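Going down the list, the protein sequences come from chains A and B.
Note that the working numbering numbers the first sequence so that position 48 is 48, with each residue one more than the last.
Note that the working numbering numbers the second sequence so that position 27 is 27, with each residue one more than the last.
2 protein chains.
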Amino acid sequence: MLRLSRLTDYAVVVLARMGEEATALQSAPGLAHRTGLPEPTVAKVLKTLAQAGVVEGLRGARGGYRLSKPLPEIKLTEVIVAFDGPIALTACVDGGSGLCESEHLCPVRGRWDPVNTAIRDALEKISVAELAGHALSPAEADFRLAAE
Amino acid sequence: MLRLSRLTDYAVVVLARMGEEATALQSAPGLAHRTGLPEPTVAKVLKTLAQAGVVEGLRGARGGYRLSKPLPEIKLTEVIVAFDGPIALTACVDGGSGLCESEHLCPVRGRWDPVNTAIRDALEKISVAELAGHALSPAEADFRLAAE
DNA sequence: GGAAATGGGACTGGTTTGGTCCTATTTAAG
DNA sequence: CTTAAATAGGACCAAACCAGTCCCATTTCC
Ligand code: FES
Ligand code: FES
């Protein structure tokens, strides 16, 4: 289905929620509660995002996570790469030789690169903020909490 | 890895090989031999391509497959859709509601659409011919055969 | 010192996918 | 008319992959 990891989807949801209070320090359990997603999953997502440098994690009691840059500056590619790895559409990786067994017979050898860059370019232009529907209103957020 | 099905890769290889003799009727075993790919796999790929209308299959002895249109007119999306299904990057399909359990809590709901169209547009512009490295020279083809 | 949080990774069940094989159907050749 | 060669279609199985959970170490505030 050419689908990306479900965790990527979750990540966007979590980031969107964080974007509503961009400066605040928010804990994983807290965010789980506010997004309605299961807590262990949110924790995992945040860990990965922290590794990628998209969010910044502060340890200790009263610790939590914080966006390391404003939502509109977070490119979608950053998130995707964090969870799905480098954006390369095929098994025959970009310049890499030696990995494909039928390489010496293959007319396509390496030719996927233009495709990959085309997709990277397309995704590069999209920020997470654009996916977030930038900020549900606070009222709407309250409604969601109530719905739980 | 955001990778597409390996069969898609094979398909492009096979199509590229067919493009070298675009009008000729070529059998699955023959193409398998010429591409160096295992025969059952090539057969499967061709069946799928036939269903998608990319190639045309003729039955019976002396049957075979033929491109249903010239290689440069075959868009990459056609091939991808044939093997990987519709190009939609997330589990939450385009307009479809009701499939996602946390939809009522989800700030992203449906917002992936722009991403999907961005990717579709990018892929739409690429033809299989562009990936094929359009035609190894006949000499090169002979070399390959000899190399087997 | 204890509680609360992140950091990092191991483990596992479920799903998906690739690859193979089998059978029916069609058509040309002998 | 029989046989052979090919496509059409689908069933099946093993392997790879992924999500989800859990566990333990580390850090920091109270
Ligand atoms: S299939 Fe691997 S190089 Fe072409
Ligand atoms: S995660 Fe499904 S609608 Fe957002």
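The beta-carbon is built from N, C-alpha and C at its ideal position, and this holds for glycine as well.
Being a predicted model, the structure only gives us computed values, none of them experimental.
Asked	Found
Which same chain residues, not among the five before or five after T8(B), have their C-beta less than 7 Å away from its C-beta?	V79, I80, F83, D84
Answer yes or no: the CB of F83(A) versus the heavy atoms of ligand 4, is any distance below 7 Å?	As presented, the structure is devoid of ligand 4, carrying ligand 1 and ligand 2 as its sole ligands.
Buried or exposed for T77(B), going by 16 or more other Cβ atoms inside 10 Å?	buried
Any C-beta of chain B within less than 8 Å: which residues of the region 115-136 of chain A qualify?	V115, A118, I119, D121, A122, L123, K125, I126, E130, L131, A132, G133, L136
Output the distance between the C-alpha atoms of A24(A) and R120(B), rounded to the nearest integer angstrom.	37 Å
Is there a C-beta anywhere in chain B that falls below 8 Å from the one on L2(A)?	yes
Could you confirm whether any beta carbon from chain B is found closer than 8 Å to the beta carbon of A139(A)?	With a pLDDT of 41 at A139(A), under the threshold of 50, the predicted position of this residue should be treated as unreliable, though the coordinate-derived value follows. Judged by the 8 Å Cβ criterion, A139(A) is not in contact with chain B.
Exposed or buried, which one is R59(B) when buried takes at least 16 other CB atoms within 10 Å?	exposed
Identify the continuous beta strand (DSSP E) that holds L58(B) and give its terminal residues.	55-58
Measuring CB to CB, does A32(B) end up less than 8 Å from V42(B)?	yes
Which one of R17(A), A129(A), V128(A) has the shortest CA to CA distance from Y65(A)?	R17(A)
Within its chain, find whatever has a CB closer than 6 Å to the CB of N116(B); leave out the 5 residues flanking it on each side and keep chain order.	A88, L89
Would DSSP call R66(A) helix, strand or coil?	strand
Can you tell me the Cα-Cα spacing of K125(B) and Q26(B), whole angstroms?	28 Å
Three-state secondary structure (DSSP) at D94(B)?	Because D94(B) sits at a pLDDT of 45, beneath the cut-off of 50, its placement in the model cannot be relied upon, and the following sentence gives the value as read from the coordinates. It is coil, neither helix nor strand.
Please determine, among E56(A), V55(A), A11(A), P114(A), the residue with the shortest C-alpha to C-alpha distance to G36(A).	A11(A)
What is the DSSP secondary structure of K125(A), reduced to helix, strand or coil?	coil
Considering only the beta carbon of each residue, do V13(B) and L71(B) sit closer than 8 Å?	no
Thinking C-beta only, is A122(A) closer than 8 Å to A122(B)?	yes
Among P114(A), A132(A), K44(A), A22(A), whose alpha-carbon lies nearest the alpha-carbon of L67(A)?	A22(A)
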